[in-house]
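Visitor: Sharing a structure below in structure tokens format, with a few things to ask.
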Amino acid sequence: MDDLISAWENFNIDDIDNECDVDTISRDIPTIHPVSPSTTLVPACTALYISTKTKICYLNKPIDLKNVFWKIPIIPYQLPQIGVVKKQMKFNSTLPEEVADILDKITTYDYVDNYIISQIINPDGRIKYKDIRKISIGLSKKDITSYRCKKKSAFYNCFVVILRILQNDKFKEINVKVFNTGQLEIPGIQDAETLETVLKLLTSLLGSIVDTADTLKDTSIVPLKYLTDNSKTVLINSNFNCGYYINRDNLYNLLKYKYKISSNYDPCSYPGIQCSFYYDVKLEKQTGMMPVGFICNKKLQNKDKNKDIIVNAGITSVSFMIFRTGSMLIVGKCTEPILYEIYDFLCKLFETEYPTICDKTTESLKSQSKKNSKVGDGVAEIRKVPRKIRKKTIYTQHQQN
Numbered sequence: 260m261d262d263l264i265s266a267w268e269n270f271n272i273d274d275i276d277n278e279c280d281v282d283t284i285s286r287d288i289p290t291i292h293p294v295s296p297s298t299t300l301v302p303a304c305t306a307l308y309i310s311t312k313t314k315i316c317y318l319n320k321p322i323d324l325k326n327v328f329w330k331i332p333i334i335p336y337q338l339p340q341i342g343v344v345k346k347q348m349k350f351n352s353t354l355p356e357e358v359a360d361i362l363d364k365i366t367t368y369d370y371v372d373n374y375i376i377s378q379i380i381n382p383d384g385r386i387k388y389k390d391i392r393k394i395s396i397g398l399s400k401k402d403i404t405s406y407r408c409k410k411k412s413a414f415y416n417c418f419v420v421i422l423r424i425l426q427n428d429k430f431k432e433i434n435v436k437v438f439n440t441g442q443l444e445i446p447g448i449q450d451a452e453t454l455e456t457v458l459k460l461l462t463s464l465l466g467s468i469v470d471t472a473d474t475l476k477d478t479s480i481v482p483l484k485y486l487t488d489n490s491k492t493v494l495i496n497s498n499f500n501c502g503y504y505i506n507r508d509n510l511y512n513l514l515k516y517k518y519k520i521s522s523n524y525d526p527c528s529y530p531g532i533q534c535s536f537y538y539d540v541k542l543e544k545q546t547g548m549m550p551v552g553f554i555c556n557k558k559l560q561n562k563d564k565n566k567d568i569i570v571n572a573g574i575t576s577v578s579f580m581i582f583r584t585g586s587m588l589i590v591g592k593c594t595e596p597i598l599y600e601i602y603d604f605l606c607k608l609f610e611t612e613y614p615t616i617c618d619k620t621t622e623s624l625k626s627q628s629k630k631n632s633k634v635g636d637g638v639a640e641i642r643k644v645p646r647k648i649r650k651k652t653i654y655t656q657h658q659q660n
């Protein structure tokens with residue numbers, strides 16, 4: 260008991276060093292400053308890659324489609340040659356004799372796809388006979404590598420040829436629509452050299468059919484050629500990546516309410532944010548917002564289209580899509596300078612709004628999955644399940660002499 264009392268007395272003795280002044284102790288709580296966005300290392304956007312362009316070109320004379328289509332030579336797919344590997348055309352027949360003539364002509368080819376779109380045979384009806392079918396002759400790369408089973412229709416007043424060209428020691432297939440007016444629609448063009456190669460090959464093939472020996476005797480008839488100064492770009496497909504994963508909800512709110520850009524985001528129907536950038540040549544600094552009084556094409560279906568030319572003059576609408584992985588698609592009818600200006604605008608946006616729209620959770624999960632995918636102590640190796648091999652059978656027929 261005495262030991263307990265002595266211990267308590269020793270505890271109550273004030274043996275604090277008098278040299279220590281309590282009043283001199285700082286009571287200020289240190290302030291923790293957040294990391295400034297300027298000091299955060301923001302990933303740089305990749306360079307803009309223009310994947311394809313759709314070009315519209317013109318020939319100097321109209322084309323007799325039915326006459327020229329059957330005379331276009333088809334090269335066998337297995338031969339390493341340049342030329343036409345496939346041709347397609349939609350036929351609208353009102354007499355059985357016309358269909359019989361088509362069936363007789365396709366017997367001379369090895370591979371033919373005769374797709375009947377619709378057929379009416381009713382001698383007592385208002386329309387007694389009508390037959391619409393698409394004839395495809397030859398094989399292309401897509402026929403061999405694609406497993407698409409659903410067949411598509413075709414355009415009227417044109418035929419399609421798939422040209423095989425040789426570029427940089429590699430064969431490449433280009434799809435060309437030839438209209439009866441002489442207009443050409445060529446998708447999948449990446450550079451001017453490819454376009455020139457396609458036009459030269461096409462005019463040489465069609466010229467040998469259109470410019471026959473009898474027509475060339477007449478000096479007033481001009482040989483078939485393409486118009487070099489009359490071509491335009493109607494669609495550009497391009498893409499790039501911002502370098503990090505994106506929180507789409509935060510970005511959608513910023514685009515809609517801060518930047519006032521026309522945007523739509525519904526993850527149930529489309530995985531990306533669909534936006535429209537309005538380029539106005541009157542503005543020195545582009546904002547992407549829809550100008551006041553702009554008339555959309557959908558609203559002009561029953562209105563005067565001349566009003567659209569006046570109100571929307573100098574305004575170009577370009578669509579772009581933003582996905583969770585940071586990938587961007589820019590698609591629209593515009594020139595390359597406009598495309599690169601939109602690209603610069605988006606790069607600055609992703610750099611400025613990085614702290615708000617960067618999805619840290621997804622990036623951490625991605626890095627964790629990479630660690631777990633490695634073989635280690637107690638960690639199983641993650642293997643990809645191989646895809647099921649799908650087969651496609653192509654039947655050909657060969658007429659023996």
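Numbering (the numbering used here), first residue to last: 260 to 660.
All residues carry an ideal CB built from backbone N, CA and C; glycine is no exception.
What residue from Q426, V577, I520 has the CA that sits closest to Q449's CA?
Guide: Ranking Q426, V577, I520 by Cα distance to Q449 puts Q426 first.
Visitor: In whole angstroms, give me the CA-to-CA distance for I394 and S535.
Guide: Looking at the two C-alpha atoms, the distance is approximately 39 Å.
Visitor: T615 by DSSP, collapsed to three states: which one?
Guide: In this structure, T615 counts as helix in the three-state DSSP scheme.
Visitor: Is it right to say E543 is buried, meaning 16 or more other beta carbons lie within 10 angstroms of its own, or is it exposed?
Guide: By the neighbour-count rule (16 or more Cβ atoms within 10 Å), E543 is not buried but exposed.
Visitor: Taking G585 as the reference, which of G573, E610, V469, E595 has the closest Cα?
Guide: Among G573, E610, V469, E595, the Cα nearest to that of G585 belongs to E610.
Visitor: Find the nearest neighbour of S490 within the set D618, L318, P335, judged by alpha-carbon distance.
Guide: Nearest option by C-alpha distance: L318.
Visitor: Note down, in chain order, each residue of its chain lying with its Cβ closer than 7 Å to the Cβ of K558, except the 5 sequence neighbours on either side.
Guide: Reliability of the predicted coordinates at K558 is poor, the pLDDT of 47 falling under 50, and no value is obtained from them.
Visitor: Of the residues D470, T492, L494, N496, which one's Cα is nearest the Cα of K484?
Guide: Ranking the options by Cα distance to K484, first place goes to D470.
Visitor: L398 to I421, Cα distance in whole Å?
Guide: So the alpha carbons of these two residues sit roughly 9 Å apart.
Visitor: Assuming G342 is part of the beta strand (DSSP E), what are its boundary residues?
Guide: First-last of the beta strand (DSSP E) with G342: 342-352.
Visitor: When the Cβ atoms of the segment 331-342 are set against those of the segment 298-307, are three or more pairs found closer than 8 Å?
Guide: Touching, no.
Visitor: Spell out the partners DSSP gives G547 in its beta bridges.
Guide: In the DSSP output, where bridge partners are listed per residue, G547 has Y537.
Visitor: Less than 8 Å between the CB atoms is what I'm expecting for F438 and T305, so what's the real figure, rounded?
Guide: Between T305 and F438 the Cβ distance is about 38 Å, and since that is not below 8 Å, they are no contact.
Visitor: To which residues of the same chain is F582 closer than 7 Å at the C-beta, ignoring the five residues directly before and after it?
Guide: For F582, where only same-chain residues beyond five positions count, the Cβ hits under 7 Å are P530, G531.
Visitor: When DSSP builds the beta bridges, which residues end up paired with C417?
Guide: C417 pairs with F438.
Visitor: In whole angstroms, what separates the C-alpha of L661 from that of M549?
Guide: The shown model of the chain, from 260 to 660, leaves out residue 661, and the question about it has no answer.
Visitor: For the beta strand (DSSP E) that contains V493, what are its first and last residues?
Guide: 491-500 is the extent of the beta strand (DSSP E) around V493.
Visitor: Determine, using beta carbons only, whether G441 and K592 come nearer to each other than 8 Å.
Guide: No, they are not a contact pair.
Visitor: At 4 residues or longer, and completely inside the segment 570-608: list those alpha helix (DSSP H) runs for me, N to C.
Guide: Runs of the alpha helix (DSSP H) inside the segment 570-608: none found.
Visitor: Can you tell me whether DSSP reads K459 as helix, strand or coil?
Guide: Helix.
Visitor: For L483, which three-state DSSP category applies?
Guide: Residue state, collapsed to three classes: coil.
Visitor: What are the boundary residues of the beta strand (DSSP E) that D372 is part of?
Guide: Run containing D372: 371-380, per the beta strand (DSSP E) assignment.
Visitor: For L461 versus V435, is the C-beta distance shorter than 8 Å?
Guide: Yes.
Visitor: Would you identify the three-state DSSP class for S265, choosing helix, strand or coil?
Guide: Helix at S265.
Visitor: Contact between the segment 406-419 and the segment 341-353 is defined here as three or more beta-carbon pairs at a separation below 8 Å; is this criterion met?
Guide: At 8 Å Cβ cutoff, the stretches touch.
Visitor: Check the DSSP bridge columns for Y388 and list the partner residues they point to.
Guide: For Y388, which the question treats as bridged, DSSP gives the partners I380.
Visitor: DSSP state of K393, grouped into three classes?
Guide: DSSP places K393 in strand when its eight states are reduced to three.
Visitor: Might you give, ordered along the chain, the residues of its own chain that have their beta carbon closer than 6 Å to the beta carbon of K330, omitting 5 neighbours on each side?
Guide: So the qualifying residues of the chain are I468.
Visitor: For T311, which residues from the same chain have a beta carbon less than 6 Å from its beta carbon, with the 5 sequence-adjacent residues on both sides left out?
Guide: Excluding residues within five positions, the ones whose Cβ falls inside 6 Å are G447, N496.
Visitor: Decide if S522 is buried, meaning its Cβ has at least 16 other Cβ atoms within 10 Å, or exposed.
Guide: Classification for S522: buried.
Visitor: So for P332, helix, strand or coil by DSSP?
Guide: Coil.
Visitor: Just list the residues that DSSP pairs C316 with in beta bridges.
Guide: Its beta-bridge partners are L443.
Visitor: In whole angstroms, what is the alpha-carbon distance linking D539 and Y518?
Guide: If I take the Cα positions, the gap works out to 16 Å.
Visitor: Please say whether S405 and I376 have beta carbons closer to each other than 8 Å?
Guide: Their beta carbons are not under 8 Å apart, which means I376 does not touch S405 by this criterion.
Visitor: Just curious, the beta strand (DSSP E) that N512 is in, first and last residue?
Guide: It is not in any beta strand (DSSP E) - N512 instead sits in the alpha helix (DSSP H) that spans 507-512.
Visitor: Give the straight-line distance between the Cα atoms of G502 and D603, rounded to the nearest whole angstrom.
Guide: Using only the alpha carbons, I get a separation of about 15 Å.
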